[in-house]
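Residue numbers (the working numbering): 1 to 172.
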Amino acid sequence: MSVVISSLKWDAARSGTQRITYDQDGYHLVRFPYETTEESYDPWKMHDPANGGPGESVYPDARSGLIWPSHDGWGMLSAMVFWEADTRALEYRARFVRDPLNASTGYDSTATNDTMLTRGGQFRTYLWQMFVTPGTPVGLKISARGAGDARIATRITLAEFKLAIHTDVLTP
Numbered sequence: 001m002s003v004v005i006s007s008l009k010w011d012a013a014r015s016g017t018q019r020i021t022y023d024q025d026g027y028h029l030v031r032f033p034y035e036t037t038e039e040s041y042d043p044w045k046m047h048d049p050a051n052g053g054p055g056e057s058v059y060p061d062a063r064s065g066l067i068w069p070s071h072d073g074w075g076m077l078s079a080m081v082f083w084e085a086d087t088r089a090l091e092y093r094a095r096f097v098r099d100p101l102n103a104s105t106g107y108d109s110t111a112t113n114d115t116m117l118t119r120g121g122q123f124r125t126y127l128w129q130m131f132v133t134p135g136t137p138v139g140l141k142i143s144a145r146g147a148g149d150a151r152i153a154t155r156i157t158l159a160e161f162k163l164a165i166h167t168d169v170l171t172p
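Below, the structure written as structure tokens:
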């Protein structure tokens, strides 16, 4: 079975702070730089600044948070987020979204995950599988919530977002 992959990494030490700002849906679209690092891998150009608009995207604009599938297939989305300690945050949320900027087929959130504050570090991993198609980007959106569901403008220190597309899906 053929698999095509896009693997993105952002970390505060390399790319500076990424402060959480909330969109209308109450989530932040995590942005990723357009660069090749030891952890980033994108030979199919699914995270290309030319994708999705009339001009080149420039990190950290919203389009830098998108992966544009290069093939139709069964997509395995995975992510990892490390949150900076913030005593106001009581829960952490993440979701994978088809077309998070509502630029092609329409916003479609899926696989929302909600976890409580733990005594240790706030390190989370996420996994979801779904069909993907060229022309419909996917993104990772996150949110930190406090008392009364208040959105907390905390920071993240590390984020990774990966898409592996199985291109040879059999049908009966």
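Note that the Cβ used here is the ideal one computed from N, Cα and C, for glycine as well.
Closest by C-alpha distance to Asp-86, out of Ile-152, Leu-163, Ser-2 and Gln-18, is Ile-152. Val-81 has its alpha-carbon roughly 8 Å from the corresponding atom of Thr-157.
Counting along the chain, no beta strand (DSSP E) covers Ala-12; the unbroken alpha helix (DSSP H) around it starts and ends at 12–15. In chain order, Trp-10, Ala-12, Val-30, Arg-31, Pro-60, Arg-155, Ile-156 and Ala-159 place their CB closer than 8 Å to the CB of Gln-18, counting only its own chain and leaving out the 5 sequence neighbours on each side. If the five residues before and after Ser-57 are omitted, its C-beta is found closer than 7 Å to the C-beta atoms of Pro-49, Arg-63 and Ser-64, all from its own chain and listed in chain order. Here DSSP, grouped into helix, strand and coil, assigns Gly-148 to helix.
At the C-beta level, Ala-79 and Tyr-27 stay beyond 8 Å of one another. Within its own chain, the residues whose Cβ lies closer than 7 Å to the Cβ of Ser-15, once the five positions on either side in sequence are excluded, are Pro-33, listed in chain order. A contact is defined here as three or more CB-CB pairs under 8 Å, and the region 105–113 fails this definition with respect to the region 64–73. For Gly-121 and Thr-171, the gap between their C-alpha atoms comes out near 43 Å.
Nearest Cα to Arg-88 within the set Asp-23, Val-132, Ala-147 and Thr-21: Ala-147. Taking the Cα positions, Asp-168 is about 40 Å away from Thr-118.
A straight-line Cα-Cα distance of about 25 Å links Gly-52 and Ser-2. Note on Lys-45: under 16 other CB atoms within 10 angstroms of its CB, so exposed under the neighbour-count rule.
Annotation: the continuous beta strand (DSSP E) that includes Gln-122 extends over 122–132. Look at Ala-62 here: in three-state DSSP terms it is helix. Shown here for Arg-93: same chain residues with a beta carbon closer than 6 Å to its own, the five before and five after excluded, namely Asp-114 and Ser-143 in chain order.
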